[in-house]
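Asker:
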Amino acid sequence: MSNNRSFWVWINERLPISGFLKASMTEYYAPKNFNFWYFFGSLALLVLVLQIFSGIFLLAHYYSHANQAFDSVQGIMFDVKWGWLVRYIHATGASMFFLVIYLHISRAYLYGSFRKPREVLWILGWIIYIVLMAEAYFGYVLPFGNMSYWGGEVITAIIGSIPVVGDWLVSIVRGGPGLGGATLTRFMAFHVVLIPLLLIVIVVVHLVALHQVGSNNPDGIEISKKLDAHGRPLDGIPFHPYYTVKDIYGIGVFLTIFAIIILFAPTFHGLILEYDNYIPANPLQTPHDVTPAWYLSPYYAILRSIPSKGLGILTLGASIMLPFFLPWLDRCPAKSVRYRPVYFAMLLALATSLLVLGWIGMQPASPALLPPARIALGVYIGFFILLPIISRFEPVRPVPDRVRS
Amino acid sequence: MSVKQDKDEKDSEVLDRKELSKRRFLTATTAALGTAGIGVLAVPFVKSLEPDAAAAAASVVTVDISEIPPGGHLTTSWQQKPLIIVHRTPEMLATLSQVTSQLKDPDNKVPQQPSYAQNIYRSRKPEWLIMMQVCTHLCCSPTYDPKKGTVSSTWLGGFFCACHGSRYDLSGRVMSGSPAPENMVVPEYTFIEGGKSIQVTGLDKKSKLC
Amino acid sequence: MLRIGLLAGAVIFAVVYGGVGYANEVQVQVQAPKYQFNKKTIIRGGIFFAQHCLTCHSMKYIRYNRLAADLGLDKKFIKRNFMTPAGAKYLRGMITAMPPKLAAKWFGVTPPDLTLVARYRGVDWIYTYLRSFYWDPGKSTGWNNHLFPGVAMPNVLFSYTGTIDGKGHVLKKATYSPQEYDRITTDLTAWMRYTSDPSIIVRKKIAPYVIGFLLIFTLFAYLMKRAYWRDVH
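Residue numbers (the numbering used here), protein chains in the order written: chain A, 1169 to 1573; chain B, 706 to 915; chain C, 67 to 299.
As structure tokens, then:
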């Protein structure tokens, strides 16, 4: 026992481990009323770790040469021992990453977690989301199936619409005419090294920003305003052990669902692994519907709903950038949807518009779908435009000064 | 640990002990299950690094020997290591019994060859030597020197390793005075297509290349 | 509870609406095969494939030796029934002996590799395709297909389908019974479903253990959480 203590003392004189654990876990107080929506931060971290590990073991077998990429992926599925498992984990993990992130973002909308003093936290999170979309896009091109090829072509073409530097940018992204071997090797550099490093750094900063201001909670009130005699929040509980054990339970539920998907429906009817990507890349034949993965589909629907190329891309860009301004658009004194019935209706409309756009994005292009897409786009943009006005005047239920469970 | 800061101290103590042991049990069990789960999950990941079915398929190699004349030889590669096939003449075979006293392991006691090659010719058919041309000292590739009197005045033909001077006879058996400990390895092979080709399939588990 | 329900609803919504169908040349209604997907039907389909389809179509990702482990066959059986093309090697893939360039010359297009066809066409499409050939004197092979107009492939199953023209009139009766016809097409479909994802065999085997373990783990994790959270009011 004494050996243990003195070893610990020795280490802590050289690395601030005990202090760090105290500040971030055992003496870091989080609101005690976290609900279902608060699982998804730790789950996102879990999925990130899963993706990195499965990615490394895929990288051990993948060939990034245009002639060999597709076959190397099939080699992983057919020849490598347990290769199919590693690949399915990585593909399902990618979709799960977005599902988890969308639920994580929903929590922020529901409870006003983007409001002061958490503006930087929100901005960092939204940056992580955008970087994640880039990571998913580069990764999707790597298997070099026909969807990989054409999806890669289409998105790199969008870059070309940037005025002045567009064409040059496309040439440095593609490394040649069309999507070729040069594109594949650099996409691998981005997908395997550049973006994972970026992601890890931004996630760490995101967590630092969180610990600086403390978590929000479903009632939207600041627990740091009511402290006890020791200076601890009355409505707070130490993150460890309470939220460590709760998150472990959440991980158990998540992994069970994850395993069910991988073992019983790994392609998930074409949502996780698209059918057309089982055909090798063919520069001479576009698949019938070049739809992106489901998690990018609302943006695709937005793009398709605008008949002009430049205006469409601008609208797409605006839809992705608008949420950055959210902390300053919401002027209501109350944060949480629990006390804001009008905001609740707005959120329902926002969520519906995104689901409708998502569904439309996965259908083949059709003129009949343009009106609903445009209406949904209108609702989506309308949410951000109307929020500053409505939030000033909306009725607010009495907000408690202590949290409700 | 407890957040019940307004409860009676003694009551909390009693409750805590029962709660504590329950918590310890559950924590220990969950931790054990979690560790076991991660351990089991690690197995397929580690196994995925083992040579795959493509590597296994590449390990079976067929070599056409029909064009090798008597006295001729062919060097090719098997599993990225040199494989030599020598079509030995009767004169070459005669030297094998003349060098017995110079050899470390003339009777092939060390299992560096399959059972059908445990003879003076170290092969299925006397005239065909099929052997890994890898010196058992430190893995260099010994040169094939069949001509008499080249390596030394008493040289009857065999292999000479330039790295550290190991010598072998025309069956790959190591000579005394060489730093190499064992005879060169004969792989597992069969004759196919009526003797026109050989198919090398693997190495005997007990044999050591170098 | 409500939230879990909403989430489940969202997932179901996604599954129902998510799958992108094959709206291409389909004027024909794609039929779903009624079949058993098990080792027996897979093996039967595979043997038929090896004896009738391997002459033109490869399945290069399926090595012969994996049939032993996956389907419980021995090497002799595989050699006799599956390794039909010249030059077939036990450790290597099912490659047709027909040279691709010559095939392209004869048929106009190289017969595609079929390992993954069940992935990008789907099981229903394959089943319907095999049953949609009709006699068309305008084509060089004499055959056309309702599901794939202008297809270069002749009707290999003509003894099972009989010779039927574009309007459904029977020009020559099938030499096999309708049951055998149904059986051969469902067997082939089962075989192609297996080859497109052989991992299904292992997945089905380990699923109860993996999910069972995870459920037990989650249960203990929940009990642990509940024990600690007793303190929190």
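In this text, a Cβ means the ideal position worked out from N, Cα and C, and glycines have one as well.
None of the values given here were measured: they were computed from a predicted structure.
For Arg1506(A) and Ser1534(A), what's the separation of their Cα atoms in angstroms?
Answerer: Near 39 Å, if we compare the C-alpha coordinates of Ser1534(A) and Arg1506(A).
Asker: Assign Ala231(C) to one of three DSSP states: helix, strand, or coil.
Answerer: Position check: residue 231(C) holds Asp in this sequence, whereas Ala was assumed. Residue state, collapsed to three classes: strand.
Asker: If the cut-off is 7 Å on Cβ atoms, which residues from the stretch 1401–1433 of chain A count as contacting chain C, listed in chain order?
Answerer: Per Cβ criterion, the list reads Ile1405, Pro1409, Tyr1410, Val1413, Lys1414, Ile1416, Tyr1417, Gly1420, Val1421, Leu1423, Thr1424, Ala1427, Ile1428, Leu1431 and Phe1432.
Asker: Apart from the five residues on each side of it in sequence, which residues of its chain come closer than 7 Å, Cβ to Cβ, to Thr150(C)?
Answerer: Cβ within range, chain order: Ala116, Gln117 and Leu120.
Asker: On the DSSP letters alone, give me the boundaries of the alpha helix (DSSP H) that Asn24(C) sits inside.
Answerer: Residue numbering for chain C in the displayed model covers 67 to 299; residue 24(C) lies beyond these limits and cannot be assessed.
Asker: Rounded to whole angstroms, how far is the Cβ of Leu1310(A) from the Cβ of Ala1234(A), which I believe are closer than 8 Å?
Answerer: Actually they are not in contact, since the Cβ atoms of Leu1310(A) and Ala1234(A) sit about 11 Å apart, beyond 8 Å.
Asker: Residues in its own chain within less than 6 Å of Tyr1410(A) by CB, not counting five upstream and five downstream?
Answerer: Closer than 6 Å at Cβ, skipping near neighbours: no residue.
Asker: Going along the chain, which residues of the stretch 739–771 of chain B sit with their C-beta nearer than 7 Å to a C-beta in chain A?
Answerer: If the cut-off is 7 Å between Cβ atoms, the stretch 739–771 of chain B has Pro749, Phe750, Lys752, Ser753, Leu754, Glu755, Asp757, Ala758 and Ala759 near chain A.
Asker: Kindly indicate which residue of Lys100(C), Leu157(C) and Ala134(C) has the alpha-carbon position closest to the one of Gln766(B).
Answerer: For the record, residue 766(B) in the displayed sequence is Val; it is not Gln. Closest option to Val766(B), Cα to Cα, is Leu157(C).
Asker: According to DSSP, simplified to helix, strand and coil, what is Leu1554(A)?
Answerer: In this structure, Leu1554(A) counts as helix in the three-state DSSP scheme.
Asker: When we look at the beta-carbon of Gly1187(A) and count the other beta-carbons within 10 Å, is it buried (16 or more) or exposed?
Answerer: Exposed, because fewer than 16 other Cβ atoms sit within 10 Å of the Cβ of Gly1187(A).
Asker: Identify every run of the alpha helix (DSSP H) within the stretch 775–850 of chain B, keeping only runs that are complete inside it and at least 4 residues long; order them along the chain.
Answerer: DSSP runs (the alpha helix (DSSP H)) wholly in the stretch 775–850 of chain B: 795–800.
Asker: Output needed for Asp1457(A): all residues of its chain with C-beta closer than 6 Å, excluding positions within five of it in sequence on either side, in chain order.
Answerer: For Asp1457(A), where only same-chain residues beyond five positions count, the Cβ hits under 6 Å are Pro1532.
Asker: In chain order, what residues of the same chain lie with their CB nearer than 8 Å to the CB of Cys844(B), ignoring the 5 residues before and after it?
Answerer: So the list reads Leu914 and Cys915, once near-sequence residues are dropped.
Asker: Buried or exposed, going by whether 16 or more other CB atoms sit within 10 Å of the CB of Val879(B)?
Answerer: Flag for Val879(B) reads buried.
Asker: Tell me whether Glu1303(A) is buried or exposed, calling it buried when 16 or more other Cβ atoms sit within 10 Å of its Cβ.
Answerer: Under this definition Glu1303(A) is a buried residue.
Asker: Which first and last residues belong to the beta strand (DSSP E) in which Tyr127(C) is found?
Answerer: Note, Tyr127(C): beta strand (DSSP E), Met125 to Arg129.
Asker: For Tyr200(C), does the three-state DSSP call read helix, strand or coil?
Answerer: The answer is strand: DSSP assigns Tyr200(C) an E or B state.
Asker: Beta-carbon of Leu908(B) versus every beta-carbon of chain C: anything under 8 Å?
Answerer: Chain C, which has no Cβ nearer than 8 Å to the Cβ of Leu908(B), makes this no.
Asker: Which of the three DSSP states is assigned to Phe1426(A) in this structure?
Answerer: Here Phe1426(A) sits in helix by DSSP.
Asker: When the Cα atoms are used, what is the spatial distance from Asp1415(A) to Ala1212(A)?
Answerer: If I take the Cα positions, the gap works out to 11 Å.
Asker: Would you call Ser881(B) buried or exposed, if buried means 16 or more other Cβ atoms sit within 10 Å of its Cβ?
Answerer: Exposed: under 16 other Cβ atoms inside 10 Å.
Asker: Does Phe286(C) pass the burial test, meaning 16 or more other C-beta atoms within 10 Å, or should it be called exposed?
Answerer: Flag for Phe286(C) reads buried.
Asker: Beta carbon of Pro1448(A), beta carbon of Ile1440(A): below 8 Å?
Answerer: Cβ atoms of Pro1448(A) and Ile1440(A): not closer than 8 Å.
Asker: By DSSP's criteria, Gln904(B) is part of a beta bridge. Which residues make up the other side?
Answerer: Thr767(B) and Thr895(B).
Asker: Hey, out of Ala1237(A), Ala1486(A), Val1254(A) and Ile1326(A), whose CA is closest to Leu1218(A)'s CA?
Answerer: Selected option, being the one with the closest Cα: Val1254(A).
Asker: Going by CA-CA distance only, name the one from Tyr1317(A), Trp1318(A), Leu1300(A) and Leu1347(A) that's closest to His1359(A).
Answerer: Residue Leu1300(A) is the option with its Cα nearest to His1359(A).
Asker: Say whether chain B places a C-beta atom closer than 8 Å to the C-beta of Phe148(C).
Answerer: By this cut-off, Phe148(C) is not an interface position.
Asker: Please list the partners that Ala1228(A) has in chain B, where partner means a Cβ-to-Cβ separation under 8 Å.
Answerer: Those within 8 Å of Ala1228(A) in chain B are Ser753 and Leu754.
Asker: Quick check: the Cα distance between Lys141(C) and Met1245(A), rounded to an integer number of angstroms?
Answerer: If you take the alpha carbons of Lys141(C) and Met1245(A), they lie about 23 Å apart.
Asker: Under the three-state reduction of DSSP, which class applies to Val879(B): helix, strand or coil?
Answerer: In the structure shown, Val879(B) sits in a strand (DSSP, three-state: E or B).
Asker: Could you check where the alpha helix (DSSP H) with Asn1314(A) kicks off and where it finishes?
Answerer: Element bounds for Asn1314(A): Asn1314 to Ile1327.
Asker: So, at 7 Å on beta carbons, what are the nonlocal neighbours of Ala89(C) in its own chain, with the 5 sequence-adjacent residues on each side left out?
Answerer: Caution applies to Ala89(C), whose pLDDT of 34 falls short of 50 and renders its modelled position unreliable; the model cannot decide the point.
Asker: Specify, as a first and last residue, the run of the alpha helix (DSSP H) that Val1299(A) falls within.
Answerer: Counting along the chain, the alpha helix (DSSP H) containing Val1299(A) begins and ends at Glu1287 to Val1309.
Asker: Let me know if Phe1175(A) comes out buried or exposed under the rule of 16 or more other beta-carbons within 10 Å of its beta-carbon.
Answerer: Exposed: under 16 other Cβ atoms inside 10 Å.
Asker: Applying a beta-carbon distance threshold of less than 7 Å, which residues of chain B neighbour Leu157(C)?
Answerer: Ordered by position in chain B, the residues that pass the 7 Å Cβ test against Leu157(C) are Ala761, Ala762 and Val765.
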